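Q: Residue numbering for the sequence shown follows the numbering used here, beginning at -5 and increasing consecutively.
Think of the CB as a built atom: it goes at the ideal place given N, C-alpha and C, for glycine as much as any other residue.
In this text, all values refer to a predicted model and were calculated from it rather than measured experimentally.
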Amino acid sequence: MIEFAIIAACILIAFSIGSNDTSNAFGISIGCGLLKFRTALILLLVFVLIGVSLQGHAVMRTVGKELVGLSGKSLTLSLTMSAVIIILSNWRKFPLSSHQVIIGSLTGSALALGLPVNYYTLLKIVLSWITSPFSSFFLSIAIYKILEKTLVRYSVFVAERILSILLLISAILIAYNTGANELATAVGSVVYYGILDPTQAGVIGTFSLFFGALALSHRVVETVGKGITALDIISGFSAQFGAGLSVWIFTTLGMPVSTTYCIIGGIFGVGFLKGIGTVKLGLLGRIALSWVTAPALSFITCFALGKVI
């Protein structure tokens, strides 16, 4: 019975990632008017599945084997509470890092239930959270400057066509990373607890993520795609591709980093380059605050519940 509860919790959290993280992959493309929402969903389904199948194993191992000891109770508690927190944040139109919520929940429940915690692995993960948005920031600025110098050689029509193709490629890269990193974070503990094998977890997680995106993700797309700074195609591509490269690098290292904050770091980078006045610092401040509150809230909630149930 406990296994069905854990699988249900895994499905719920994959659904919640889909409801929140379609904005990471396609929020900028939709905000720029390049893609329709339905087309974005189809691309998301395909490339999330490819990502979790080809490269998800590294992050699964970090989260499922190296971070904390696992039990049926800790898995049910941590995955269920993670999903609830992420879905509620999405409903409030507020982008939140599913990684931070999941890691906070797993750590809190493990400590409450007397399970081992690998603090060295936890430290590496936290350092990755800190450095990855900054890498996106600088990569996005570099890409923007390169494109500015390159595209002046072409006519406006040709340059726009090139940028449209590049922006689509960057969106696909983010969708791939969503499978290889975001979804792998969600299902890693289930795989290493032995309930599902990686293929089963990847397929179930991908379709759960897809239905979450279909149901709720349009709310956060508005904030990431248009709410932080005004985006044209060149700045949209630079932000998204810089973030995609950053997440992919950390994925190869097996580190579960936040695609949400890498995207935001990239958007802030091109906004900063265009002038600090173009960036909505109030909204950016709220998002930065969530960087601290998300793992703290999930940790405290799961620790407290783990002590009483």
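Taking all protein chains shown into account, do 16 or more other C-beta atoms lie within 10 angstroms of the C-beta of A104, making it buried, or fewer, making it exposed?
A: Here residue 104 is taken as the residue at index 110 of the sequence shown, counted from 1. When all chains shown are included, A104 counts as buried.
Q: Suppose the cutoff is 6 Å on Cβ atoms and the five residues either side in sequence are ignored; what does the same chain contact list for T295 look like?
A: Residue mapping note: residue 295 aligns to position 301 of the sequence shown, counting from 1. Excluding positions up to five away in sequence, the list reads M75.
Q: Thinking C-beta only, is L73 closer than 7 Å to Y187?
A: Residue 187 sits at position 193 when you count from the first residue of the sequence shown. Residue 73 sits at position 79 when you count from the first residue of the sequence shown. It is not a contact, given that the beta carbons lie outside the stated cut-off.
Q: Got a sec, what are the start and stop residues for the alpha helix (DSSP H) A154 sits in?
A: As a working mapping, residue 154 is identified with position 160 in the sequence shown. Inspection of the sequence shows that residue 154 is occupied by Glu rather than by Ala. Where E154 is concerned, the enclosing alpha helix (DSSP H) stretches over 150 to 171.
Q: Please state if the CB of G196 and the CB of S47 are separated by a distance shorter than 7 Å.
A: Against the sequence shown, residue 47 aligns to sequence position 53. Against the sequence shown, residue 196 aligns to sequence position 202. Cβ distance < 7 Å, so S47 and G196 count as in contact.
Q: Measuring straight from C-alpha to C-alpha, what distance separates F31 and K139?
A: In the sequence shown, the residue the question calls residue 31 occupies position 37. In the sequence shown, the residue the question calls residue 139 occupies position 145. Looking at the two C-alpha atoms, the distance is approximately 29 Å.
Q: Please identify the residue among I24, I97, L299 whose C-alpha is closest to the C-alpha of T115.
A: Taking the sequence shown and counting its residues from 1, the one referred to as residue 115 is at position 121. Per the Cα distances, I97.
Q: Who are the Cβ neighbours of G71 in its own chain at under 8 Å, not counting the five residues just before and after it?
A: Along the sequence shown, read from residue 1 onward, the residue named residue 71 stands at position 77. The residue asked about is misnamed: residue 71 is Leu in this sequence, not Gly. Contacts found: S99, S103, C296, L299, G300, I303.
Q: How is V146 classed by DSSP in three states: helix, strand or coil?
A: Against the sequence shown, residue 146 aligns to sequence position 152. The answer is coil: DSSP assigns V146 none of H, G, I, E or B.
Q: Once you ignore the five residues that flank A77 on each side, which residues in its own chain have a CB closer than 6 Å to its CB?
A: Taking the first residue of the sequence shown as position 1, residue 77 is located at position 83. Here the set comprises L6, I7, S10.
Q: In terms of residues, what are the limits of the alpha helix (DSSP H) holding K304?
A: Because the chain in this structure spans residues -5 to 303, residue 304 falls outside the shown range and cannot be described.
Q: Are the Cβ atoms of S183 and Q234 separated by less than 7 Å?
A: Translated into the one-based positions of the sequence shown, residue 183 becomes position 189. Translated into the one-based positions of the sequence shown, residue 234 becomes position 240. Contact flag unset, no.
Q: Taking the C-alpha atoms as reference points, what is the distance between I0 and K118?
A: As a first step, residue 0 is located in the sequence shown; it is residue number 6 there, counting from the start. As a first step, residue 118 is located in the sequence shown; it is residue number 124 there, counting from the start. Cα to Cα, I0 sits roughly 27 Å from K118.
Q: If you compare alpha carbons, which of S23, I(-4), F(-2), E(-3) is closest to A169?
A: For the purposes of this step, residue 169 is taken as the residue at position 175 of the sequence shown. For A169, the nearest C-alpha among the options comes from S23.
Q: Just to confirm the assignment, what range does the alpha helix (DSSP H) spanning V181 have?
A: On the sequence shown, position 187 is the one that residue 181 refers to. That run of the alpha helix (DSSP H) goes 178 to 187.
Q: To the nearest whole angstrom, what separates the beta carbons of L157 and I228, a pair I think is in contact under 8 Å?
A: Mapped onto the sequence shown, residue 157 falls at position 163. Mapped onto the sequence shown, residue 228 falls at position 234. Contact flag correct, Cβ pair sits at about 6 Å.
Q: In whole angstroms, what separates the C-alpha of L190 from that of T172?
A: Along the sequence shown, read from residue 1 onward, the residue named residue 190 stands at position 196. Along the sequence shown, read from residue 1 onward, the residue named residue 172 stands at position 178. Cα to Cα, the separation comes out at about 20 Å.
Q: Exposed or buried, what is I36 when buried is set at 16 or more other beta-carbons lying within 10 Å of its beta-carbon?
A: Against the sequence shown, residue 36 aligns to sequence position 42. Exposed, because fewer than 16 other Cβ atoms sit within 10 Å of the Cβ of I36.
Q: Hey, how far is the Cα of V251 from the Cα of G279?
A: Counting from one through the sequence shown, the residue named residue 251 turns up at place 257. Counting from one through the sequence shown, the residue named residue 279 turns up at place 285. Those two C-alpha atoms are separated by around 20 Å.
Q: Using alpha carbons as the reference points, say which of T245, A207, V241 lies closest to G12.
A: Taking the sequence shown and counting its residues from 1, the one referred to as residue 12 is at position 18. Selected option, being the one with the closest Cα: A207.
Q: Taking the beta carbon of A52 as the centre, do at least 16 other beta carbons fall within 10 Å, making it buried, or is it exposed?
A: Numbered from 1 along the sequence shown, position 58 holds the residue referred to as residue 52. Buried, since its Cβ has 16 or more Cβ neighbours within 10 Å.
Q: When burial is assigned at 16 or more other CB atoms within 10 Å of the CB, is W85 buried or exposed?
A: Walking along the sequence shown from the start, residue 85 turns up at place 91. Flag for W85 reads exposed.
Q: Take A282 as the anchor and find which of L267, I257, K268, M(-5) has the nearest alpha-carbon.
A: The count along the sequence shown starts at 1 and reaches residue 282 at position 288. Out of L267, I257, K268, M(-5), I257 has the C-alpha closest to the C-alpha of A282.
Q: In this structure, does DSSP put G219 in helix, strand or coil?
A: Stepping through the sequence shown from its first residue, residue 219 is reached at position 225. Reliability fails at G219, whose pLDDT of 47 lies under 50, so the model's placement of it is uncertain and no value is given.
Q: If we require 4 or more residues per run, which alpha helix (DSSP H) segments fall completely within the stretch 88 to 131?
A: Segments of the alpha helix (DSSP H) lying fully in the stretch 88 to 131: 92 to 106.
Q: Using only alpha-carbon positions, find the residue among V95, V62, F131 that is nearest to V241.
A: By one-based count along the sequence shown, residue 241 stands at place 247. For the residues V95, V62, F131, the minimum Cα distance to V241 belongs to F131.
Q: Where Q194 and S149 are concerned, what is the direct C-alpha to C-alpha distance, given to the nearest angstrom?
A: Counted from its first residue, the sequence shown places residue 194 at position 200. Counted from its first residue, the sequence shown places residue 149 at position 155. Their backbone Cα atoms lie some 48 Å apart in a straight line.
Q: Among N112, G108, A19, which has the Cα closest to the Cα of L161?
A: Here residue 161 corresponds to residue number 167 of the sequence shown, with the count starting at 1. Of the candidates N112, G108, A19, the one whose C-alpha sits nearest the C-alpha of L161 is A19.
Q: Just to confirm my understanding: we take L167, look at its own chain, exclude 5 residues before and 5 after, and list those with CB closer than 6 Å. What are they?
A: Taking the sequence shown and counting its residues from 1, one reaches residue 167 at position 173. Excluding positions up to five away in sequence, the list reads G238.
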